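Before any comments, here is the structure.
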Amino acid sequence: MSKITGSRNVLFHLGVILFFIVLAYAYMSPLLEGKVLVRPDIEHFKGMSKELSDYREETGKEAIWTDSMFGGMPGYLISVIYPGNLTKYISRGIWKLFSIASFLILYMLGFYILLSSLKINKWLAVVGAIAFGFSSYLLIIIGAGHSTKANAIAWLTPMIAGVLVAFRGKYLPGAILFAFAFSLELLSGHLQMTYYGFIMIVLFALIQFIYSVKEKALKPYFKAVLFLSVGAIIAVGMNFSRLYTTWEYSKYTIRAPSELPHNGENQTSGLDKDYVVQWSQGIDETLTLLIPNFMGGSTSTSAPADGESYQLLKKNNVQNPQKMVNSVIMYHGDKIATAGPYYFGAIILFLFIIGLFVVKGPVKWWLLSAVIVSIVLSWGKNVMGLTSFLLDYLPMYNKFRAPEMTLVIALIAVPLLAFWGLNDIITGKADKDDIKKGLIWALGLTGGVSFLFSIAPGMAGNFSAPFDSRYYPEWLMPGILADRRAMLKSDALRTLVLVLLSAGLLYYWSLKKINTNILVITLGVLILIDLWTVDKRYLNNDQFVSKRKAENPFPLTTADKEILKDKDLSYRVLPLQNPFQDARTSYYHKNVGGYHAAKLRRYSELIEHELTPEMSLMIQQLQASSSPDSVFAALPGINMMNTRYIIYDLNSPPLVNPDALGNAWFVNGYKLVDDANGEITTLKSFDPANTAIIDKRFEQFVKGRSFQKDANGVIKLTEYEPNYLKYEAKAGTEQLVVFSEIYYDKGWNAYIDGKEVPHFRVNYVLRSLIMPAGEHTIEFKFRPKSYYVGNKVSLASSLLLILALLGYGLSEYKRRKIGDKNSK
């Protein structure tokens, strides 16, 4: 009998997975036509990772370092494969099978595993999985191309499931599930989501500890902690190479403190506070969890084609009012930009409030506290006292930006409590009085709020946005405000209808006028319709294009073609349009700029203090018809970066910089400075062709030496790979050599004639070494121990998890076999 039941369960689970696949492809139906989704961040990724991926395809090896962005940087957080973690084959296999639909499938499957592990009604678990998977934010990040974030969120839910299973007494299977999911979570490479997941787990552990103390049940508590700790160690070990390299690199990025004088109140040991809180959720904007258009949707949501804005444009005889109305932004929150709201679903919030009344024990307080913490933290700059305190004292909190992303915690907790509570109701575990109270409060809060805004949308404020005065004439503002008001009113009414339908269904079920199956199925259909229609506002079929069009998002331009005629091994290109927030140039060239959220701190400061001012000066002088030669001669930072070409217009040939200093050069001498501030300040008034600026920390390498540039000396780059550089050099005397390569001592080693020699930092960001007189071969090799040693640890840990899985599987097989014999 147990075999039959087990087989039926397996078949049911397989059927559910198939259903999730069908549902995902139904939503993303253009995939069935061979189309692909255009995702802005993926286009950036293609640009920034091009050199790394090309090298991998050509050689079968990992480059680990790329010279295609910001003068050069480690590729750890761009596109590096860590062979030691064997779970990467699972991740790759899922992607190859389902492509972009895999994210939606994994969202639903992960939450289904979470609900199933808690013994939730199987049909209710399916509905809960749909409710979570179709949350608006989860679809929005797919459309934006935030693949690592999407993957990380998907694996959070089975990771939490492992924790709950272990604390329910199934220590080994819980620990194995946790280790497996946690490994894939870390493999996703979005530590911010992992951090928020652990906030949720720590809250659970704290509340569970309090209850364990009260119930004098500390032994099973610590046993669960022990098993999960072993699972965590294995998962961390599997990702040790990724984590080790990231940790090592992070100390040199913008997520580490600056050495420059700084605003002490704004600075942390990680990111600056004003940078962290740029994307904070407005306190009133939290109502988008219930009413999606409470703040007007996204910054790409335009006014309706037949709204008040359109009528005013026509009245004022504006040419092509239909086109103009599309540029009227409906979003009126405080954020710089937003791709859409964190809409949880009207029905889900309704059920969540009921769950607060019917669910008993530590789980309720855990999930409620998680929701409160999540929402308050998301307010960021709007509760700056708390945020500032946490940035200063909560470990690692200042490494992450965009406080609104903490809403991911609530995104998991709200539907989890909602369906836990609904399960208690339909299985008879909930007290009838509690159900009644919950229903009244849920209807009053969700229905009442939506009703008020549907009849009096003006309660939400004046509907003006911070940018209105910059973008729109005064005469158009009444129409814009009216359209925003109408949008809120319409969505509030929509939420009210959904809440009333849900309340009606539960009421009729309580009267036994409909059975449980009809209740669950109807709620599921309503939830899917609700979320599907909101999601389609932000991720729809119009965003899919043919594969051919998407393969190369950066067609060759006149500027690209001209630059690519230059067959020298290495030189750099500087685009003048949005140079430090765009990776387009990196697709074809070695870029002075680029696009990355974890660039090297010193290079970021070079951009701010030197490169950006030099660009402004260059543009001003060229516009004033100054001689190009005199213009470029006055750009020390740009010249020392070997910036040979300047792109001012993609459809025109680039400017050629005759003063670019090349890959390496000899200098006459050096200037010692006391610290980083001395370095960056001196950059503004020095001649990089003849002088090197050296921090006193590196004085030992030049102390007591004087240098004279050999006018007949030669140094030339003869071989180039992202992780290997070879120069042939000749000079009659000892030379101080400067290389137009970024200094990063955690992996780069220098060699002269095959013998390792010390190298040091000059000019704030570049490399230098002392070359003896004569003819020499100079090499730089990038061999970070963190990557190669880390991969060995990762492989060993992967094998350990495989052994644990096999051992558990074998023991379960034997246990069931013995059970079957005994039953006979």
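Add 185 to the 1-based position in the sequence shown for my numbering, that's all there is to it. Glycine included, each C-beta is placed from N, C-alpha and C at the ideal position. Please read these numbers as outputs of a predicted model, since none were measured by experiment.
Whole-angstrom C-beta distance between residue j and residue i, which should lie under 8 Å
i      : j      : result
ASN908 : PRO873 : Not a contact, Cβ separation roughly 25 Å.
ARG722 : GLY482 : 6 Å
VAL201 : TYR292 : So it is not a contact: roughly 14 Å between Cβ atoms.
ALA916 : LEU835 : Rounded, the Cβ-Cβ distance is 41 Å, inconsistent with contact.
ILE902 : SER755 : The sequence as given places Leu at residue 902; Ile does not occur at that position. Yes, they are in contact, since the Cβ atoms of LEU902 and SER755 sit about 6 Å apart, within 8 Å.
ALA595 : ALA641 : Not quite, the Cβ-Cβ distance comes to about 27 Å (not below 8 Å), so this is no contact.
GLY518 : ALA316 : Going by Cβ atoms, the distance from GLY518 to ALA316 rounds to 25 Å, so no, they are not a contact pair.
VAL950 : LEU791 : 5 Å
LYS549 : LEU601 : Not a contact, Cβ separation roughly 11 Å.
ILE361 : GLY416 : 7 Å
Boundaries (first-last residue) of the alpha helix (DSSP H) holding residue i
i      : result
TYR495 : 493-500
ILE792 : Where ILE792 is concerned, there is no enclosing alpha helix (DSSP H), given that its DSSP letter is neither H nor E.
ARG655 : 653-656
ALA861 : 861-867
ARG440 : From DSSP, ARG440 is part of no alpha helix (DSSP H); its letter is neither H nor E.
ASN824 : 821-825
TYR356 : 356-373
ASN336 : 332-352
LEU391 : 376-399
SER414 : 403-423
Beta-carbon gap between residue i and residue j smaller than 8 Å
i       : j      : result
MET581  : TYR788 : no
ASN583  : LEU456 : yes
THR631  : LEU475 : yes
ASP668  : GLU795 : no
LEU683  : ILE532 : yes
ILE439  : LYS784 : yes
SER801  : GLY854 : no
VAL923  : SER953 : yes
ALA877  : VAL852 : yes
GLY623  : ILE539 : yes
THR1010 : SER983 : Past the boundaries of the shown model lies residue 1010; the chain is included only from 186 to 1009, so the question cannot be answered.
PHE817  : ASP844 : yes
MET254  : HIS781 : yes
LEU711  : SER687 : yes
Extent of the continuous beta strand (DSSP E) run through residue i
i      : result
ALA849 : 849-852
LYS915 : 909-916
THR962 : 959-967
TRP308 : Segment 307-318 is the alpha helix (DSSP H) holding TRP308; no beta strand (DSSP E) there.
PRO873 : Counting along the chain, PRO873 falls outside any beta strand (DSSP E), and DSSP gives it neither H nor E.
PRO477 : Unbroken run through PRO477: none, as it is neither H nor E.
LYS940 : 940-942
TYR830 : 828-832
ARG757 : 757-760
PHE886 : Element bounds for PHE886: n/a, residue is neither H nor E.
Of the listed residues the options, nearest to residue i (C-alpha basis)
i       : options                        : result
PHE383  : GLU370, PHE394, ILE263         : GLU370
ALA286  : ILE298, PHE296, SER332         : SER332
LEU985  : ASP753, ALA845, GLY422         : GLY422
ALA346  : ALA595, LYS888, ALA783, PHE365 : PHE365
GLY664  : LEU902, LEU498, ASP745, TYR578 : LEU498
LYS869  : LEU820, ALA845, SER639         : LEU820
ARG277  : ASP753, ASP469, LEU372         : LEU372
ASN702  : SER810, PHE892, ASN608         : ASN608
ASP616  : LEU552, TRP660, LEU661, SER695 : SER695
ILE418  : PRO506, SER443, LYS220, SER368 : SER368
PRO358  : ALA335, ASN336, ILE325, PHE412 : PHE412
LYS304  : ILE557, GLU997, ARG353, THR876 : ARG353
LEU1024 : ILE227, GLU243, ALA248         : With the chain covering only 186 through 1009, there is no way to say anything about residue 1024.
ASN725  : GLY328, VAL195, PHE288         : GLY328
SER487  : ASN478, ILE748, VAL510         : VAL510
PRO547  : LEU388, TYR261, ALA782, ASN976 : LEU388
GLU941  : ASN948, VAL543, THR962         : THR962
TRP850  : TYR656, ASN502, ALA896         : ALA896
ILE560  : LEU541, GLY467, GLU799, HIS198 : GLY467
HIS198  : ILE275, ASP239, SER302, VAL544 : SER302
query: Are the region 321-329 and the region 306-313 touching by the rule of at least three beta carbon pairs closer than 8 Å?
result: no
query: How do the region 718-734 and the region 812-830 stand: do at least 3 beta-carbon pairs fall below 8 Å, yes or no?
result: no
query: Is there contact between the region 413-428 and the region 252-272, where contact requires at least three CB pairs shorter than 8 Å?
result: yes
- prompt: Does the region 770-783 touch the region 218-234, meaning 3 or more C-beta pairs lie closer than 8 Å?
  reply: yes
message: Whether or not the region 967-984 and the region 914-933 are in contact is what I'm after, with contact meaning three or more pairs of Cβ atoms, one per stretch, closer than 8 Å; do they touch?
response: yes
- prompt: Contact between the region 505-522 and the region 704-712: three or more CB pairs below 8 Å?
  reply: no
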